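Presented below is the structure to which this report refers.
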Amino acid sequence: MNTTQDTAARSQALKALHARLESCCLCPRMQGPAVHGESVFSPVMLIGQAPGAREISERRPFCWTAGKTLFKWFAPLGLDERAFRARVLMSAVCRCFPGKNPRGGDRLPDDEEVAHCQRWWLSELELLRPRLILPVGRLAIAQLLPAARLSERIGRQWVYRAPQGWNADVIPLPHPSGASTWFKMEPGQTLLQQALALIAAHPAWQALVAEAAQDAQGDLAQPHAAASARISN
């Protein structure tokens, strides 16, 4: 099978995986339906923690307050929200809403729920074999790297070594939750900017930015071509 055929086969497998994910109801405390991003075959994969109540109702990851902050981080790097969603696979450690914590905020998924949902993001990872992984938040970072403080993980580039023998670069990010102050204070502010600079300089990210720019130029050219055709006629 050549590279084009292999990519097409894995793209179809990704769509089939997401179709199965949508019907998952393995965890009784989790509130579904399960959420996933667009089934896009990409060299960049983002792994979040778990959707909130709004993400469940909208059926889209990062579609509310945290998402607004997240996409504000990425827009200056060349991908606005629309371009990002169309070009980056948006995954998560858990795909259903864990519910509210009686003490406030969203409940953190328990170990069993994390283990149940692991097969989904690991399957996505193996199908894509991305060049760049962006884990967002402590829970997501802990799935790829040994446990450590955020200040010891964010602002640096790491390597994920898959059991199947392939590698990917990992650039962790803090969670953009409105309840978090970590990225708004030092050293979080500086480390976040360092992480974003690493993302902007990564070849896989730059390839997506170039692709988005090319598509944008094409969109601008179409109305001009149509207007020229009307004038000539």
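Numbering follows the numbering used here, in which position 170 of the sequence shown is assigned residue number 1128; successive positions increment by one, without gaps.
Ideal Cβ placement from N, Cα and C applies to all residues, glycine included.
Please read all numbers here as calculations on a predicted model, not as lab measurements.
Residue i classed as buried or exposed, judged by whether at least 16 other C-beta atoms fall within 10 angstroms
i	result
residue 1124	exposed
residue 1043	buried
residue 1191	Residue confidence for residue 1191 is low, a pLDDT of 46 falling below 50, so the modelled location carries little weight and cannot support an answer.
residue 1077	exposed
residue 992	buried
residue 1045	buried
Contact set for residue i: own chain, Cβ-Cβ below 6 Å, skip 5 residues either direction
i	result
residue 1158	1035
residue 1067	1008, 1052, 1056
Beta-carbon spacing of residue i, residue j below 8 Å
i	j	result
residue 1079	residue 1005	yes
residue 1112	residue 1150	yes
residue 1136	residue 1024	yes
residue 999	residue 965	yes
residue 1103	residue 1128	yes
Which listed residue (the options) has its alpha carbon closest to that of residue i
i	options	result
residue 1097	1063, 1122, 1051	1051
residue 1093	1170, 1118, 1142	1118
residue 1166	1041, 964, 1017	1041
residue 1145	1075, 1109, 1058, 970	1109
residue 1155	1131, 1120, 986, 1171	1131
Beta-carbon contacts of residue i that lie in its chain and below 7 Å, excluding the five residues immediately before and after
i	result
residue 1039	1029
residue 1063	1137
residue 1183	Model confidence at residue 1183 stands at a pLDDT of 48, short of 50, so the residue's coordinates are unreliable; what they give is reported in the following sentence. The answer is none, since no qualifying residue turns up.
residue 989	1014, 1054, 1055, 1057
Spatial neighbours of residue i in its chain, beta-carbon cut-off 8 Å, leaving aside the 5 residues before and after
i	result
residue 973	997
Sheet register partners of residue i (DSSP bridge)
i	result
residue 1055	989
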